Amino acid sequence: GEGQLRKERERQRLLEERRKRREELEREARDNAARGPEILNRNDGDDDEDEDEDENQKDENSLQPEILDMTDAEILEHTMPLPERELLKQSYYTAKDKLFSRIEWIENLRHPEMGISGASFGELLNAGTGPHSLKWIASIAHREKILARLRQDEIEEDEYDEENFSLKGRVCTTSDYNSDDPEAYVECISNVAITNFTAVTAADGMRKTTLHSAARLSIANSTNSPGEIIIGNWDNVDFLLGRKFDTILADYLIGAIDGFSPYFQDLVFERLLQHLKPGGRIYVVGLTPIPDLLDGPENVFCKITRVRDACIKLAGDRCYREYPMNWIVRHLKRSGLQVIDTFSLPIRYTAELMTVQINVCRRKLGNFPTKGLSDEMSALLNKLEEEARIATEDGPLLIGTDYVVSAELPFELDDDELDDDEEQIDYKTALLEEL
Numbered sequence: 016g017e018g019q020l021r022k023e024r025e026r027q028r029l030l031e032e033r034r035k036r037r038e039e040l041e042r043e044a045r046d047n048a049a050r051g052p053e054i055l056n057r058n059d060g061d062d063d064e065d066e067d068e069d070e071n072q073k074d075e076n077s078l079q080p081e082i083l084d085m086t087d088a089e090i091l092e093h094t095m096p097l098p099e100r101e102l103l104k105q106s107y108y109t110a111k112d113k114l115f116s117r118i119e120w121i122e123n124l125r126h127p128e129m130g131i132s133g134a135s136f137g138e139l140l141n142a143g144t145g146p147h148s149l150k151w152i153a154s155i156a157h158r159e160k161i162l163a164r165l166r167q168d169e170i171e172e173d174e175y176d177e178e179n180f181s182l183k184g185r186v187c188t189t190s191d192y193n194s195d196d197p198e199a200y201v202e203c204i205s206n207v208a209i210t211n212f213t214a215v216t217a218a219d220g221m222r223k224t225t226l227h228s229a230a231r232l233s234i235a236n237s238t239n240s241p242g243e244i245i246i247g248n249w250d251n252v253d254f255l256l257g258r259k260f261d262t263i264l265a266d267y268l269i270g271a272i273d274g275f276s277p278y279f280q281d282l283v284f285e286r287l288l289q290h291l292k293p294g295g296r297i298y299v300v301g302l303t304p305i306p307d308l309l310d311g312p313e314n315v316f317c318k319i320t321r322v323r324d325a326c327i328k329l330a331g332d333r334c335y336r337e338y339p340m341n342w343i344v345r346h347l348k349r350s351g352l353q354v355i356d357t358f359s360l361p362i363r364y365t366a367e368l369m370t371v372q373i374n375v376c377r378r379k380l381g382n383f384p385t386k387g388l389s390d391e392m393s394a395l396l397n398k399l400e401e402e403a404r405i406a407t408e409d410g411p412l413l414i415g416t417d418y419v420v421s422a423e424l425p426f427e428l429d430d431d432e433l434d435d436d437e438e439q440i441d442y443k444t445a446l447l448e449e450l
């Protein structure tokens, strides 16, 4: 009767809500995976590495829908860790990442035992977790195995082959850290460690895919590198209340804030400062904003980024907003932190890398207001992809930079007579007024 019809309508409504929520989580996870694609340029380039990245990404994408419907226990139960060879190889390439290598180098420079036992990042907060920063944590967790393999290969001098690969490189020593060569940090791999990590994500879909990735990298529920993956937003004044960390990593966090917490960028360092121990360090990774217009073939990427942002807005979502390095330095200093190092790296854009941004736009077409608008945009995207291919026929385009800014909380601030609770209350009051 009527009661059964009402129940059926309610069931259909709940199913529709679940379908929409699932699509939203999938979109969040895909867009998060596309975030910061410039990381592919941060090594010197290795075709073998790129092939492994592609295969691993295919595995991740094929499991995406199932992961979003799983509980945490089910994710851990059904996720197969990477084989030892692939895990070591991926961790090795991440350890060679030039920005993360710089962070490890700067951390080691303040330790008298550098080059022997290495530095520890202690308790590490990954304030905005993405695929690459998670791989870096894994590379630290497995660093002893990597270094042992490097020492072994230095002795045996094995030739590289696909079945029994040898790692090319060496372990950094004290003489490396004392060198005047500005490129010394890329000539070796540092000995570093962590005590534990807390990885923050902004949505449940992102948290679940991050947990799956952590299980693949053998750092989920690992006794070697205990960690947690949590949901949180930095404009929530109670989030991680009272927790303190030795190291905070903000890997492309500032640019992503506008997508989740608009107009909060100028407060984020004061917010993170509440969780940094005296003498602790924060490492901020970002990229310079892409100009609206450039001369020469580089202008094709300016056009692509403008169209990408238009697609995001037409689909009803918010764009990321990048900030230049001098903005980061200025706000770190205003927050009471001492900037100890700045480093930038030119970005090389291939046609494939530019197509990643075009595909972000393509995934938004289904949410456009009209089919006609979607069709017109699809044609434009095809044209831009062809322009990108032509523009890079002579090689990648150098456009903008990635950067890392290293800052430290001076020990002197620990002399303040206010206790932690009073500091938290004062901060929360100011923050709530701003919001």
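Sequential numbering of the sequence shown, starting at 16, is according to the numbering used here.
Think of the CB as a built atom: it goes at the ideal place given N, C-alpha and C, for glycine as much as any other residue.
None of these values were measured; they are calculated from a predicted model.
I'd like to check one pair, residue j with residue i: are the Cβ atoms closer than 8 Å?
| i | j | result |
| --- | --- | --- |
| residue 136 | residue 262 | yes |
| residue 114 | residue 420 | no |
| residue 315 | residue 406 | yes |
| residue 141 | residue 133 | no |
| residue 416 | residue 372 | no |
| residue 352 | residue 427 | no |
| residue 322 | residue 265 | no |
| residue 350 | residue 279 | no |
| residue 361 | residue 413 | yes |
| residue 144 | residue 216 | yes |
| residue 207 | residue 119 | yes |
| residue 310 | residue 317 | no |
| residue 158 | residue 199 | no |
| residue 312 | residue 364 | no |
| residue 346 | residue 390 | no |
| residue 336 | residue 366 | no |
For the candidate residues the options, whose alpha-carbon lies nearest to that of residue i?
| i | options | result |
| --- | --- | --- |
| residue 324 | 312, 154, 304 and 342 | 304 |
| residue 375 | 365, 353 and 328 | 328 |
| residue 95 | 195, 404 and 232 | 232 |
| residue 269 | 340, 352 and 317 | 340 |
| residue 243 | 160, 259, 300 and 214 | 214 |
| residue 87 | 220, 154 and 241 | 220 |
| residue 155 | 103, 190 and 289 | 103 |
| residue 112 | 396, 201 and 336 | 201 |
| residue 355 | 403, 306 and 425 | 425 |
| residue 331 | 294, 365, 274 and 286 | 274 |
| residue 235 | 92, 295 and 390 | 92 |
| residue 126 | 99, 272, 185 and 192 | 192 |
| residue 276 | 348, 218 and 82 | 218 |
| residue 121 | 397, 257, 408 and 358 | 358 |
| residue 98 | 230, 195, 348 and 196 | 230 |
| residue 210 | 241, 187, 197 and 196 | 241 |
Counting along the chain, where does the beta strand (DSSP E) carrying residue i start and finish?
| i | result |
| --- | --- |
| residue 364 | 353 to 364 |
| residue 327 | Where residue 327 is concerned, there is no enclosing beta strand (DSSP E), although the alpha helix (DSSP H) it sits in stretches over 314 to 329. |
| residue 296 | 291 to 302 |
| residue 140 | 138 to 141 |
| residue 213 | 211 to 216 |
| residue 413 | 412 to 423 |
| residue 246 | 242 to 246 |
| residue 260 | 260 to 266 |
Which whole-angstrom value is the C-beta distance of residue i and residue j, which I expect to be below 8 Å?
| i | j | result |
| --- | --- | --- |
| residue 334 | residue 379 | So it is not a contact: roughly 11 Å between Cβ atoms. |
| residue 149 | residue 204 | That belief does not hold up - the Cβ atoms of residue 149 and residue 204 are roughly 19 Å apart, past 8 Å. |
| residue 106 | residue 161 | 6 Å |
| residue 90 | residue 223 | 6 Å |
| residue 370 | residue 401 | Not a contact, Cβ separation roughly 10 Å. |
| residue 291 | residue 260 | 6 Å |
| residue 152 | residue 212 | 5 Å |
| residue 293 | residue 228 | Between residue 228 and residue 293 the Cβ distance is about 33 Å, and since that is not below 8 Å, they are no contact. |
At least one CB of chain D closer than 8 Å to the CB of residue i: is that the case?
| i | result |
| --- | --- |
| residue 194 | The structure shown has no chain D; it contains just one protein chain. |
Hey, is residue i close to the ligand FAD, as in C-beta under 7 Å from one of its heavy atoms?
| i | result |
| --- | --- |
| residue 224 | Looking at this structure, you won't find the ligand FAD or any other ligand, since it has none at all. |
Return the first residue and the last residue of the alpha helix (DSSP H) that residue i is part of.
| i | result |
| --- | --- |
| residue 119 | 113 to 124 |
| residue 148 | 146 to 156 |
| residue 407 | Careful: residue 407 lies outside any alpha helix (DSSP H) and carries neither H nor E. |
| residue 219 | 219 to 231 |
| residue 105 | 99 to 110 |
| residue 343 | 340 to 349 |
| residue 192 | 189 to 192 |
| residue 427 | Careful: residue 427 lies outside any alpha helix (DSSP H) and carries neither H nor E. |
| residue 91 | 87 to 93 |
| residue 283 | 283 to 288 |
Under 8 Å, with one C-beta from each stretch per pair, do the stretch 372 to 389 and the stretch 247 to 255 reach the 3-pair mark? Contact between the stretch 372 to 389 and the stretch 247 to 255 is absent, with fewer than three C-beta pairs closer than 8 Å.
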